[in-house]
Structures are given as C-alpha cells and as structure tokens.
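Heads up, the thing below is written out as structure tokens.
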C-alpha cells in the first residue's frame with residue numbers, strides 16, 4: 001500500500017475573494033468554487049452545523065492545488081494571524097518556485113503581500129523570501145538562479 005499523490009493543501013481564509021485574487025495574481029488558476037455544507041461535511045471535519053465555501057486553485061500545466069476555504073458556520077477564528085511568527089508550532093507555509101521573484105513580489109504587493117524578512121540570495125543557486133498574504137498566510141518564493 002502506497003500513497004498515490006498529494007491531492008491539495010487546505011488553507012482557511014477570512015476573505016475568499018481576496019485570497020482567490022492573490023493566488024490568481026501569483027499565477028494559479030481557479031479550478032472551481034462551491035459551497036460545502038450538510039451533515040456529511042460536518043462529520044468529516046468534526047464541526048456541528050458546518051457551512052463553508054471553497055475555491056480550488058491549480059497550477060497551470062503542473063500538479064499541485066490549493067483548497068481555499070471560508071467558514072461561515074461556525075466562524076473561523078485565529079488571534080491576530082498577521083503577526084504569528086514563522087516558527088509557531090503547526091503553522092503551515094506553502095513554497096512556490098517562480099521565474100522572477102522581483103516581478104512576483106511587485107504583482108502581489110497590491111494584493112496585500114508583505115515580506116516577513118527580506119529577499120535573500122542562497123549561494124549562486126536561489127533568491128528566496130517569505131511573505132504574508134491574505135489572512136496571514138505565509139508563502140515562500142524561490143527563484144532558481146543557475
């Protein structure tokens with residue numbers, strides 16, 4: 001018995017439209033949006049009276065998807081997610097390889113992206129950075145140099 005594939009990474013957001021716009025600007029495509037509710041859904045995630053909406057984002061021509069979820073009931077909550085440090089237990093980060101890190105940052109900044117640290121060069125191999133997006137989501141970006 002073996003794992004067949006990683007299907008997607010789920011991220012809970014407080015503004016689904018803003019998150020979709022952010023990841024679209026990054027270069028992902030909206031695969032679909034739909035409500036998720038009912039007793040079956042609540043049983044899967046362990047929440048009573050669960051009602052949410054998801055947006056599935058995909059990388060064009062490549063494997064990898066993000067499931068962005070907005071919980072309407074019960075409402076999702078996190079104390080001040082925008083200032084949670086990157087080494088917090090259980091915190092997730094998604095890393096994307098990009099062809100032009102400076103251009104990607106310039107396109108994402110109008111959508112609320114802020115650097116966590118700074119753009120750093122790793123030897124002659126990569127430019128790397130972490131940034132915060134909508135709902136405090138932390139992304140890593142890497143541009144291969146050689």
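Residue numbers (UniProt numbering): 1 to 146.
The C-beta atom is built at its ideal place from N, Cα and C for all residues, glycine as well.
Please read these numbers as outputs of a predicted model, since none were measured by experiment.
- Residue 102 sits away from residue 22, with the two beta carbons spaced by 9 Å or more.
- Between the C-alpha atoms of residue 57 and residue 124 there is a straight-line separation of about 32 Å.
- Contact annotation: residue 138 and residue 116 have beta-carbon atoms nearer than 9 Å.
- The three-state secondary structure of residue 75, taken from DSSP, is coil.
- For residue 128, the enclosing beta strand (DSSP E) stretches over residues 126-132.
- In the displayed model, residue 25 falls within a helix according to three-state DSSP.
- For residue 106, the enclosing alpha helix (DSSP H) has its first and last residue at 101-108.
- When 6, 8, 25 and 63 are compared, the shortest CA-CA separation from residue 107 is found for 25.
- Its chain contains 139, 140, 141 and 142 as the residues whose beta carbon lies nearer than 8 Å to that of residue 95, once the 5 sequence neighbours on both sides are disregarded; these appear in chain order.
- For residue 142, the enclosing beta strand (DSSP E) covers residues 138-144.
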